[in-house]
Amino acid sequence: MGNKKHVIIGAGTAGLNAIRTLRQIGDDSEITLISGEPPYARMVLPYFLERSITEAHTSTATPQQLDKWGVDRKFGVRAVQLDSARKTIRLDNDEEIPYDTLLIATGSSAARPPLPGADDPSVHTFWTLADALDVNGKMASKGHTVAVGAGFITFTILNALMERSSKVTIVEAEDRILPRMVDETAAEMMANWLTAKGVEIRTGVRLKEVSPQGEGHRLTFEDNATLDADLVLMATGIRTNLEWLADSGLDIQQGILVDERMRTNLPDVYAAGDVAQGANRIGGEREVHAIEPTAMDHGRVAAANMAGQQVAYRGSLLMNIVGVAGLDMASYGSWDNPNAEVITGHAAERNAYRKYLFDGERMIGAIIVGPHADVWSGNELGMIKGLVQTGQPLGAWKEWLRENPFSVKKAFLAQGTVSTLLPRTVLGTPSQSPRG
Ligand SMILES: Cc1cc2nc3c(=O)[nH]c(=O)nc-3n(C[C@H](O)[C@H](O)[C@H](O)COP(=O)(O)OP(=O)(O)OC[C@H]3O[C@@H](n4cnc5c(N)ncnc54)[C@H](O)[C@@H]3O)c2cc1C
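See below:
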């Protein structure tokens, strides 16, 4: 099956899953993979910094695997122009690559704030393998690490920072930590937990400048307060990698707009992953969900359609999960929907919090906080995700949850959520092992 020339730009999660899927469904068309970086998973970089895995373990496809899939690759080069009329891609080495079908899976990058000194190479970001290697080298001696931005990325590396620094400070312009991931109650629980572990948290402080100071840096804030650091990590947000598509004719908002089959407005051009703005499973609005599960699903659905199948995606579920020093927290779906009916449970003495958001009898979002052992032992995180993902009407079990917010298992099992979830694989068949 397949006599096309597929070109895939980006060897991250979306691009790699697309290639794996094309081969799994028997499409033996030519594949050219163009990528600024070789294949690795950004998601596991925190474990590299923690020293629980080596650099080699971050790789997602060996040269042997890519050979087996018959992938012609061009690594270390960047796509700089898409000409959809001529169906070609121009690279930064001036090479021109023709395509029959194109998948844009160029992901996103760390965004630095436009402040004096913030873009100096000695001030780090933590987004790429190169960043991780750099930070790893700089953290050789224990010192004071300052993370600018109390969002998801800072929290993914906090365990490593706490283990490898003598002191960690988090500074955040907004008045609380994790403002785009959890509500005030959950943020306060995590802030108290971290403060008790010796992490200093400064919220409501606006950075003005970063300047060299001895071997490290001095951060100056708008109120002229200063903070000296041995290592500064900028984790102030991300931007989708779209600049090179400015003249392409693609419909772009926060990302490249895609339909339920991952098609863009240009013929035979698909987009997937962080760079794509596709349907949100809850509500159907098109949004950028810069998370691993979305990149994986997008890549698989795009590939099936590139191979000539007609596969529609039900939309991606927004989810964020972080765990720091034994306290885990997650948010799913419409966790901050102001119009939702809300059920909460808070057991402060055991650091446990649940917030369920409902549209009628359907759970459309949730926030979960609890000690690692509690939330994972009964797989509560997974069960609550299942309830949001399936959108099953909970009937009387909604009132059960109001009375027993920490006993989600009964509602999950009684509603047959597993049997609803099982047939809902992205392509109608379960995904195979990444090794295959
Ligand atoms: C430290 C860290 C921790 C994370 N942890 C989690 C987590 O726990 N859970 C979770 O769900 N998500 C997590 N994420 C987010 C997750 O890694 C991303 O959502 C995922 O990598 C997106 O995959 P992608 O294929 O869309 O893009 P990417 O993985 O970013 O891959 C894009 C690829 O395109 C290449 N590229 C970009 N521009 C060009 C160009 N013009 N020409 C050629 N090549 C180009 C890049 O070099 C790269 O290889 C984390 C991210 C980071 C950085």
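So in the working numbering, the last one in the sequence shown is 441, and the numbering has no gaps at all. Virtual Cβ for every residue (Gly too), placed ideally from N, Cα, C. Predicted model only: the values in this text are computed from it and were never measured.
- Per DSSP, the beta bridge partners of PRO398 are ARG367.
- Leaving aside the five residues that flank GLY41 on each side, the residues in its chain whose CB is nearer than 6 Å to its CB run, in chain order, ARG83.
- Going by DSSP, GLU101 is part of the beta strand (DSSP E) stretching over 101 to 103.
- Distance from the CA of ALA61 to the CA of VAL140, rounded to the nearest whole angstrom, comes to 17 Å.
- Distances between the C-beta of GLU42 and the heavy atoms of ligand 1 include at least one below 7 Å.
- Secondary structure note for GLY304: it is in no beta strand (DSSP E), and the uninterrupted alpha helix (DSSP H) holding it is 297 to 311.
- DSSP places TYR318 outside both helix and strand once states are collapsed to three, so it counts as coil.
- GLY148 has its alpha-carbon roughly 32 Å from the corresponding atom of THR245.
- Beyond the five residues adjoining it in sequence on each side, TRP198 comes within less than 6 Å, by CB distance, of LEU332 in the same chain, given in chain order.
- About 21 Å separates the beta carbons of LEU96 and ALA307, which is beyond the 8 Å limit, so they are not a contact pair.
- Just so you know, the alpha carbons of VAL263 and VAL293 end up roughly 10 Å apart.
- Unbroken beta strand (DSSP E) runs of no fewer than 3 residues, entirely contained in the region 321 to 393, are found at 324 to 329, 332 to 338, 346 to 352, 357 to 364, 367 to 376, following chain order.
- Measuring C-alpha to C-alpha distances from LYS360 to each of TRP381, GLY338, HIS377 identifies GLY338 as the nearest.
- Remark: the shortest separation between the CB of THR190 and any heavy atom of ligand 1 does not fall under 7 Å.
- In terms of Cβ geometry, TRP249 and GLN394 do not form a close pair [threshold 8 Å].
- Per DSSP, reduced to three states, the secondary structure at LYS73 is helical.
- Counting only runs that start and end inside the region 42 to 90, the beta strand (DSSP E) elements of at least 3 residues fall at 76 to 80, 84 to 88.
- Contact annotation: VAL176 and LEU134 have beta-carbon atoms that are not nearer than 8 Å.
- Residue range 134 to 143 is occupied by the alpha helix (DSSP H) that includes GLY142, with no beta strand (DSSP E) assigned at that position.
- Closer than 7 Å to some heavy atom of ligand 1: that describes the Cβ of VAL280.
- Secondary-structure assignment with DSSP links HIS294 through no beta bridge to anything.
- Taking every protein chain shown into account, the CB of PRO68 has fewer than 16 other CB atoms within 10 angstroms, so this residue is exposed.
- Between the alpha carbons of ILE162 and ARG91 lies a gap of roughly 44 Å.
- Within the model, the alpha-carbon separation for SER253 versus MET48 is close to 30 Å.
- Unbroken alpha helix (DSSP H) stretches of 4 residues or longer found wholly inside the region 161 to 226: 189 to 201, given in chain order.
- In the three-state reduction of the DSSP assignment, ALA251 falls in the coil class.
- Between ligand 1 and the CB of SER113, the shortest heavy atom gap is smaller than 7 Å.
- Relative to ligand 1, PHE160 has its C-beta separated by 7 Å or more from all heavy atoms.
- Where ALA284 is concerned, the enclosing beta strand (DSSP E) starts and stops at 281 to 284.
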